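Peer 1: Note that numbering that gives the first Met the number 0 has the sequence shown beginning at 0, numbered continuously upward.
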Amino acid sequence: MINLAIIGCGGMSRAHTGRFSHGDRAKIVATVDIDSERAQAAAELFEGARAETDYRKVLDDVDAALLVLPHHLHYPIGMECLSRGKHVMLEKPMAISEQECLELIDASENAEKVLMIAYCQRFNPLIVRLKELMDERAYGDLFQLSIWTEQLTKYHPGHWALSAKTLGGGQLFSHGCHYIDLLLWFLGRPIEGTHMGTNFGTPWMEREGTSNVAIRFENDALGYHFGTWGARGTRLKYAIHAHCTEAMVEAALTGGKVIVHKGGNEEVIMEASSAKHTVEEMGHFLDCIEKGTPPFTDGWSSLQGLRVIWRLYEAEENSSIADLRGCGIEDVV
0 MINLAIIGCG GMSRAHTGRF SHGDRAKIVA TVDIDSERAQ AAAELFEGAR AETDYRKVLD
60 DVDAALLVLP HHLHYPIGME CLSRGKHVML EKPMAISEQE CLELIDASEN AEKVLMIAYC
120 QRFNPLIVRL KELMDERAYG DLFQLSIWTE QLTKYHPGHW ALSAKTLGGG QLFSHGCHYI
180 DLLLWFLGRP IEGTHMGTNF GTPWMEREGT SNVAIRFEND ALGYHFGTWG ARGTRLKYAI
240 HAHCTEAMVE AALTGGKVIV HKGGNEEVIM EASSAKHTVE EMGHFLDCIE KGTPPFTDGW
300 SSLQGLRVIW RLYEAEENSS IADLRGCGIE DVV
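Laid out in structure tokens, this is it:
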């Protein structure tokens with residue numbers, strides 16, 4: 000039995016409660032938050048769990064920790080957990096600087112402990128099936144992958160996510176990192192790209208609340224991501240369109256379908272709920288702990304996606320095109 004702690008019991012932690020259906024393999028023994036009421040409310044969801052306000056008090060009693068924290072706290076608390084010999088599943092993004100990411104990776108390797116970044120979309124059954132179809136070239140060659148994420152996300156004044164310093168950037172860095180990761184996973188080595196962001200329409204954000212990314216890849220395929228936290232209405236919601244030489248394949252993530260569009264016709268080839276992909280993700284984390292194997296979404300591959308974002312930000316500030324060579328997942332040695 001692997002004993003786990005949830006460190007951070009704010010809004011995002013509630014999104015993770017459904018992942019713990021591995022009762023025969025893992026047990027939540029502690030929940031931690033600086034707000035004692037939030038820690039207690041989370042503890043009540045797990046039989047026998049205790050609530051604490053100081054994460055250091057629980058580390059001697061656990062094998063692993065799930066860190067669901069403000070981004071600027073990922074590094075210091077992640078480092079403390081790893082230095083105490085604990086496996087860590089860390090909410091995305093890994094950290095807010097490249098140096099912090101490198102030190103977290105180094106700490107996990109020195110401690111011989113799992114460091115897994117919670118890029119849960121790689122475990123979404125709809126996306127997994129779409130990736131299989133692309134790898135099989137079931138509908139020809141993939142030449143354009145477009146990803147839309149349209150939602151309304153507002154925070155109360157003073158919330159840490161409003162600040163570029165504590166968030167690490169804007170909407171692209173905080174949420175778009177999921178989809179930059181997918182673009183790299185699907186399309187391979189990036190060559191160049193551009194980003195345009197704005198907080199027009201999302202004035203509560205210090206940095207961009209709406210983001211547009213375009214990337215050219217080594218094989219000349221293109222990737223696009225549009226994300227906004229300012230959608231007052233939406234039709235696409237969460238959707239991926241894979242344009243291939245013989246058809247367009249759509250992963251309608253909100254609707255739970257994979258649809259093939261060809262010659263004016265539509266064919267639903269898969270229906271599945273994406274709500275349980277965090278269960279698969281947690282199962283993979285437990286597998287890695289038990290078998291001593293590296294996670295699918297490890298620190299190195301996750302860092303590559305953040306490097307893309309940092310280069311895009313820098314190029315945007317300089318009104319130039321970002322050089323993204325060397326940022327492919329397969330470029331990790």
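Cβ coordinates follow ideal geometry from the N, Cα and C atoms, glycine included. These numbers come from a predicted model, not from an experiment.
#1: Give the range of the beta strand (DSSP E) segment to which residue 49 is assigned.
#2: As an exercise, report each continuous beta strand (DSSP E) stretch of at least 3 residues that is fully enclosed by the stretch 230-291, in chain order.
#3: Got a sec? Which residues, its chain only, sit under 8 Å from residue 231 by beta carbon, not counting five neighbours each side?
#4: For residue 35, which of 51, 24, 29, 59 has the nearest alpha-carbon?
#5: Ignoring anything shorter than 4 residues, give me the alpha helix (DSSP H) runs that lie fully in the stretch 72-107, in order along the chain.
#6: Note the first and the last residue of the continuous beta strand (DSSP E) segment covering residue 115.
#7: Let's test the definition: count the other Cβ atoms within 10 Å of the Cβ of residue 155 and tell me whether it reaches 16, buried, or not, exposed.
#8: Mind checking residue 277: buried by the 16 CB within 10 Å criterion, or exposed?
#9: For residue 180, count neighbouring C-beta atoms within 10 Å of its own C-beta (all shown protein chains included) and say buried if the count is 16 or more, exposed if not.
#10: What is the residue span of the beta strand (DSSP E) that residue 54 lies within?
#11: Could you spell out where the beta strand (DSSP E) holding residue 189 opens and where it closes?
#12: Using a Cβ-Cβ cut-off of 6 Å (strictly less than) and excluding sequence neighbours within five positions of residue 284, which residues of its own chain qualify?
#13: Which whole-angstrom value is the C-beta distance of residue 220 and residue 143, which I expect to be below 8 Å?
#14: Does DSSP put residue 304 in a helix, in a strand, or in coil?
#15: In chain order, what residues of the same chain have a beta carbon less than 6 Å from the beta carbon of residue 159, not counting five sequence neighbours either side?
#16: Applying the criterion that 16 or more other CB atoms from any shown protein chain within 10 Å of the CB defines a buried residue, is residue 145 buried or exposed?
#17: Mind checking whether residue 27 and residue 3 have CB atoms under 9 Å apart?
#18: Out of curiosity, what's the CA-to-CA distance linking residue 157 and residue 169?
#19: Please report the residue range of the alpha helix (DSSP H) in which residue 40 lies.
#20: Alpha carbons only, please: which of 123, 214, 161 is nearest the one belonging to residue 314?
#21: Exposed or buried, residue 338, counting other C-beta atoms within 10 Å across all chains shown (16 or more means buried)?
#22: Going by beta carbon distance, what residues of the same chain come within less than 6 Å of residue 74, once the five residues before and after it are set aside?
#23: Tell me whether the beta-carbon of residue 65 lies closer than 9 Å to the beta-carbon of residue 76.
#24: Can you tell me whether residue 319 is buried or exposed, with buried defined as 16 or more other CB within 10 angstroms of its CB?
#25: Per DSSP, which residues does residue 340 bridge with? Please list them.
#26: Using only CA atoms, which one of 203, 234, 262, 85 lies nearest to residue 103?
#27: Find the nearest neighbour of residue 45 within the set 53, 58, 54, 31, judged by alpha-carbon distance.
#28: Buried or exposed: residue 290, going by 16 or more other Cβ atoms within 10 Å of its Cβ?
#29: Scan the stretch 107-157 and note each continuous beta strand (DSSP E) run of 3 residues or more that stays entirely inside, going in chain order.
#30: Look at the Cβ atom of residue 57, then the Cβ atom of residue 294, and state whether they are nearer than 9 Å.
#31: Taking 7 Å as the limit between beta carbons, can you name the residues of its chain near residue 188, skipping five residues before and five after?
#32: Determine the DSSP secondary structure at residue 214, reduced to helix, strand or coil.
#33: For the beta strand (DSSP E) that residue 70 lies in, which residues bound it at each end?
#34: With residue 66 as the anchor, note down where its beta strand (DSSP E) starts and where it stops.
#35: Considering only DSSP beta bridges, list what residue 223 is partnered with.
Peer 2: Looking at the atomic coordinates:
#1: To locate residue 49, count along the sequence shown from 1; it is residue 50. Segment 49-51, the beta strand (DSSP E) holding residue 49.
#2: 237-243, 247-251, 256-261, 264-270
#3: Translated into the one-based positions of the sequence shown, residue 231 becomes position 232. Within the same chain, residue 231 has close Cβ partners 151.
#4: Locating residue 35 in the sequence shown gives position 36, where the first residue counts as 1. Selected option, being the one with the closest Cα: 51.
#5: 73-82
#6: On the sequence shown, position 116 is the one that residue 115 refers to. Segment 114-116, the beta strand (DSSP E) holding residue 115.
#7: Residue mapping note: residue 155 aligns to position 156 of the sequence shown, counting from 1. So residue 155 counts as exposed.
#8: Mapped onto the sequence shown, residue 277 falls at position 278. Buried.
#9: Position 181 of the sequence shown, counted from the start, is the residue given in the question as residue 180. Flag for residue 180 reads buried.
#10: Numbered from 1 along the sequence shown, position 55 holds the residue referred to as residue 54. Note, residue 54: premise wrong, no beta strand (DSSP E); not H, not E.
#11: Start at 1 with the first residue of the sequence shown, and residue 189 comes out as number 190. Where residue 189 is concerned, the enclosing beta strand (DSSP E) stretches over 189-197.
#12: For the purposes of this step, residue 284 is taken as the residue at position 285 of the sequence shown. Cβ neighbours of residue 284 beyond the five flanking positions: 88, 115.
#13: Stepping through the sequence shown from its first residue, residue 220 is reached at position 221. Stepping through the sequence shown from its first residue, residue 143 is reached at position 144. Residue 220 to residue 143, Cβ: 7 Å. Contact.
#14: One-based indexing of the sequence shown puts residue 304 at position 305. Helix at residue 304.
#15: The count along the sequence shown starts at 1 and reaches residue 159 at position 160. Cβ neighbours of residue 159 beyond the five flanking positions: 69, 165.
#16: For this step, residue 145 is matched to residue 146 along the sequence shown. Buried.
#17: Here residue 27 corresponds to residue number 28 of the sequence shown, with the count starting at 1. Here residue 3 corresponds to residue number 4 of the sequence shown, with the count starting at 1. Yes.
#18: Translated into the one-based positions of the sequence shown, residue 157 becomes position 158. Translated into the one-based positions of the sequence shown, residue 169 becomes position 170. Their backbone Cα atoms lie some 15 Å apart in a straight line.
#19: Mapped onto the sequence shown, residue 40 falls at position 41. First-last of the alpha helix (DSSP H) with residue 40: 35-42.
#20: For this step, residue 314 is matched to residue 315 along the sequence shown. Per the Cα distances, 214.
#21: In this structure the chain extends from 0 to 332, so residue 338 is not present and cannot be described.
#22: One-based indexing of the sequence shown puts residue 74 at position 75. Same-chain partners within the cutoff: 94, 99.
#23: Counted from its first residue, the sequence shown places residue 65 at position 66. Counted from its first residue, the sequence shown places residue 76 at position 77. No.
#24: Translated into positions along the sequence shown, residue 319 becomes position 320. By the 10 Å Cβ count, residue 319 comes out exposed.
#25: Lying outside 0 to 332, the shown extent of the chain, residue 340 is not represented and no answer is given.
#26: Here residue 103 corresponds to residue number 104 of the sequence shown, with the count starting at 1. Answer by Cα proximity: 85.
#27: Numbered from its first residue, the sequence shown carries residue 45 at position 46. For residue 45, the nearest C-alpha among the options comes from 31.
#28: Against the sequence shown, residue 290 aligns to sequence position 291. Exposed.
#29: 114-116, 141-149
#30: Position 58 of the sequence shown, counted from the first residue, corresponds to residue 57. Position 295 of the sequence shown, counted from the first residue, corresponds to residue 294. Taking 9 Å as the Cβ cut-off, residue 57 and residue 294 do not qualify as a contacting pair.
#31: In the sequence shown, the residue the question calls residue 188 occupies position 189. The residues are 216, 217, 327, 329, 330.
#32: Working through the sequence shown from its first residue, we reach residue 214 at position 215. Here residue 214 sits in strand by DSSP.
#33: Counted from its first residue, the sequence shown places residue 70 at position 71. Here residue 70 belongs to no beta strand (DSSP E), and DSSP marks it neither H nor E.
#34: For the purposes of this step, residue 66 is taken as residue 67 along the sequence shown, with counting starting at 1. That run of the beta strand (DSSP E) goes 63-66.
#35: Here residue 223 corresponds to residue number 224 of the sequence shown, with the count starting at 1. The partner list for residue 223 (beta bridge, DSSP) reads 145, 213.
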